[in-house]
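Protein chains: 2
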Amino acid sequence: MKTYLDCFPCFMRQALEAARMATDDPNVQREVIDRTAGLLPTIPMNANPVDIGRLVHRVVRDVTGVPDPYAAVKKESNDLVLDLYPELKAKAERSADPLLTAIKIAGEGNIIDFGPNMAVDRDRSVERMVSDSFAHALQEPLDPDGYRTFQRRLADVSEILYLGDNAGEIVCDKILIEELVKRGKKVTFVVRGGPVINDVTVVDARYVGMDEVATVITNGSDAVGTSLSDCSSEFREAFRTAELTLAKGQGNFEGLSDVPGRIFFLFKVKCPVVGRETGARVGTLVLKEQALEKVAK
Amino acid sequence: MKTYLDCFPCFMRQALEAARMATDDPNVQREVIDRTAGLLPTIPMNANPVDIGRLVHRVVRDVTGVPDPYAAVKKESNDLVLDLYPELKAKAERSADPLLTAIKIAGEGNIIDFGPNMAVDRDRSVERMVSDSFAHALQEPLDPDGYRTFQRRLADVSEILYLGDNAGEIVCDKILIEELVKRGKKVTFVVRGGPVINDVTVVDARYVGMDEVATVITNGSDAVGTSLSDCSSEFREAFRTAELTLAKGQGNFEGLSDVPGRIFFLFKVKCPVVGRETGARVGTLVLKEQALEKVAK
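Chains A and B are the protein sequences, given in the same order. If you count the first sequence from 1, position 284 lands on 284 in this note's numbering, and the numbers rise without skipping. If you count the second sequence from 1, position 256 lands on 553 in this note's numbering, and the numbers rise without skipping.
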């Protein structure tokens, strides 16, 4: 996805929020704002928002000296959803269509995101947000065309590359992955190569026991999404040869929406710009196949 | 009011919105973003947001070459509320307390504002927003202490300095001013000295016939609110000697909240930062007396 002008004020807001996570010192927070403001004019309009986000969050780390401002928040989110795991797992298993329910659970987990401006949710605790959300999620319909196409593609493959997104959400991903494993699929779960916002790293994958159900690899990049040029050659090879990729979250959509491949995107639409790109309203859960076919292997 | 770090991303957003009002050329819009980003690091934290807004909107005018990007929008807003005038006027006159109702109408008119980020309302037309708003406004309670204090102060004075805010809203102001005139008060209505966002200038005052009920003067400044140091000496003298000032809108509150004087602020809270300053939630109508007494005349 290309960068829109709307992304520029949003990057300033993200920088400020991350700075506040890292430090209470207003002078340091101000320095983050100023350095981010200095960065923006250097960004070409054909840059991918995922790459800009990477630069912005590097500024936050450089200026504050805090390598992982969201470390505590990530642990809290993981603990919160781990507590819900038995209940969510039972809901998936007891439902008429466990795969569909698990997709909805994994999709709904994507609300646990500290990147976009979820203004409505700032006043609510994460606990409240998550419990409200799951209460409604399973009643909400999911685009039947998207689901049917996903089922069809799934029947053709034995392995799935699953691109993770956020802490907390990863527990929901595990429920979906367990459903995939039951269907005989081998799953590789991909985490970010380093901390950025509340995105999952290998620390979160271990913490929630993802390694018990999937092979866990990193993409070698600390971008807020998947920016192939910033990823390790090992990850790029895994992506190039994947039979089917399931990319969670808006950041992975932003990074891969123009990349050919057999990819499904599963995410909640969180900003008007992505809403425009997908034709879905903010708040909608999207399961969408990449329109572009994979280039020759 | 002082500037908060939250104001910095908000200024970027304001600059972008104003740039889009002025031109469809994405390169020019981008230049506005870049010049605004360049401006932000130069701003001291003790600056008033009203002064920063003035600089930001000057950047928009300089870069786009459009002196009044919101000219068409202002005329539309005025026409829209002029159409509602007979109905609103009748509601005030027929109500049990015409002054209270007129204050609510004038206060509710303050929603017609293109400055703050009224995210919820971006999807609705101005027509829809205004009609929805007035439908509820007259049922909503207004802080009874604020109103009682205002009535008491009003009884003591013969003249009122009324600081206007936005186009469209000015028609609602006229209804309140007519109620004040009925009570024997002489009103001076103040407009901005030059165009900025959709704030009223002498053009709007004439268009809606404000000069039929009040003396219209300008404050000599194109700030988005009242920044005394940027105002003409004539306005500053009028403000210094005013028996009672009624300041409409968040921008006038931001500019004058730390200035001693017999001032009432009447506005809708439109951002979390002003919400924190006033102790009122976003969306609330506030009628609030300035806590600081006027310094020696």
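Think of the CB as a built atom: it goes at the ideal place given N, C-alpha and C, for glycine as much as any other residue. In this text, all values refer to a predicted model and were calculated from it rather than measured experimentally.
Beta-bridge partners of A:Val187, as assigned by DSSP: A:Ile160
Separation of B:Asp410 from B:Val579, as counted between CA atoms: 14 Å
Chain A contacts from the segment 520-537 of chain B (Cβ-Cβ distance under 8 Å): none
Opening and closing residue of the beta strand (DSSP E) in which B:Lys372 lies: Unbroken run through B:Lys372 is the alpha helix (DSSP H), Ala368 to Arg391; no beta strand (DSSP E).
Three-state secondary structure assigned by DSSP to A:Ala106: helix
Nearest neighbour of A:Phe265, chosen from A:Val259, A:Val274 and A:Phe253 [CA to CA]: A:Phe253
Distance CB(A:Val224)-CB(A:Val196) smaller than 9 Å: yes
Within-9 Å CB hit, A:Arg30 to chain B: yes
Buried/exposed call for A:Arg13, threshold 16 Cβ in 10 Å: buried
B:Gly335: contacting residues in chain A (beta-carbon distance under 7 Å): Pro41
9 Å Cβ cutoff met for A:Leu94 and A:Arg262: In the sequence as displayed, the identity of residue 94 of chain A is Arg instead of Leu. No.
Candidates B:Ala502, B:Gln326, B:Lys401 and B:Met318: closest to B:Ala368 by CA position: B:Met318
Interface partners of B:Asp557 on chain A, CB under 7 Å: First, the amino acid is wrong: residue 557 of chain B is Pro here, not Asp. Result: empty, since nearest Cβ-Cβ is about 27 Å, beyond 7 Å.
CB contact check: B:Arg310 to chain A, cutoff 9 Å: yes
Inter-residue spacing [alpha-carbon to alpha-carbon] between B:Gly552 and B:Lys299: 9 Å
Minimum Cβ-Cβ distance from B:Asp410 to chain A less than 9 Å: no
Spatially closest choice to A:Leu84 from A:Lys174, A:Cys7 and A:Ala291, by CA coordinates: A:Lys174
Exposure of A:His136, with buried meaning 16 or more beta-carbon neighbours within 10 Å: exposed
Closest Cα partner of A:Asn110 within the set A:Ala167, A:Gly220, A:Arg183 and A:Arg236: A:Ala167
Best match in A:Gly249, A:Val216, A:Gln250 and A:Lys248 for proximity to A:Phe235 [C-alpha to C-alpha]: A:Val216
Nearest residue (CA-CA) to A:Cys10, options A:Arg30, A:Ala47, A:Ala247 and A:Val56: A:Val56
Minimum Cβ-Cβ distance from B:Cys469 to chain A less than 9 Å: no
Sequence-distant residues of the same chain with beta carbon closer than 6 Å to B:Asp596, five excluded per side: No answer is possible for residue 596 of chain B: the residues shown for chain B start at 298 and end at 594.
Cβ-heavy atom distance, A:Glu178 to the ligand SAH, below 8 Å: Inclusion of the ligand SAH in the displayed structure is not the case, the ligand content being empty and no account of it being possible.
Where the alpha helix (DSSP H) through B:Val521 begins and ends: Unbroken run through B:Val521: none, as it is neither H nor E.
Closer than 9 Å to chain A by CB, B:Met342: yes
Under 9 Å between C-beta atoms of A:Ala238 and A:Leu161: yes
Limits of the unbroken beta strand (DSSP E) element including B:Ile560: Ile560 to Lys565
Chain-ordered neighbours of B:Asp331 on chain A, where CB pairs are closer than 8 Å: Leu40 and Pro41
Short CB-CB distance (under 9 Å) between A:Leu16 and chain B: yes
Closest Cα partner of A:Thr149 within the set A:Asp211, A:Lys288, A:Tyr4 and A:Gly279: A:Lys288
Per DSSP, the bridge partner or partners of B:Asn463: B:Asp496
Alpha carbon of A:Thr188 to alpha carbon of B:Gln326, nearest angstrom: 43 Å
Endpoints, beta strand (DSSP E) assigned at A:Leu285: Leu285 to Glu289
Cβ neighbour criterion (16 or more within 10 Å) applied to B:Ser455: exposed
Cut-off 8 Å between Cβ atoms - residues of its own chain near A:Ser257, not counting five sequence neighbours on either side: Met1, Phe265, Glu277 and Gln290
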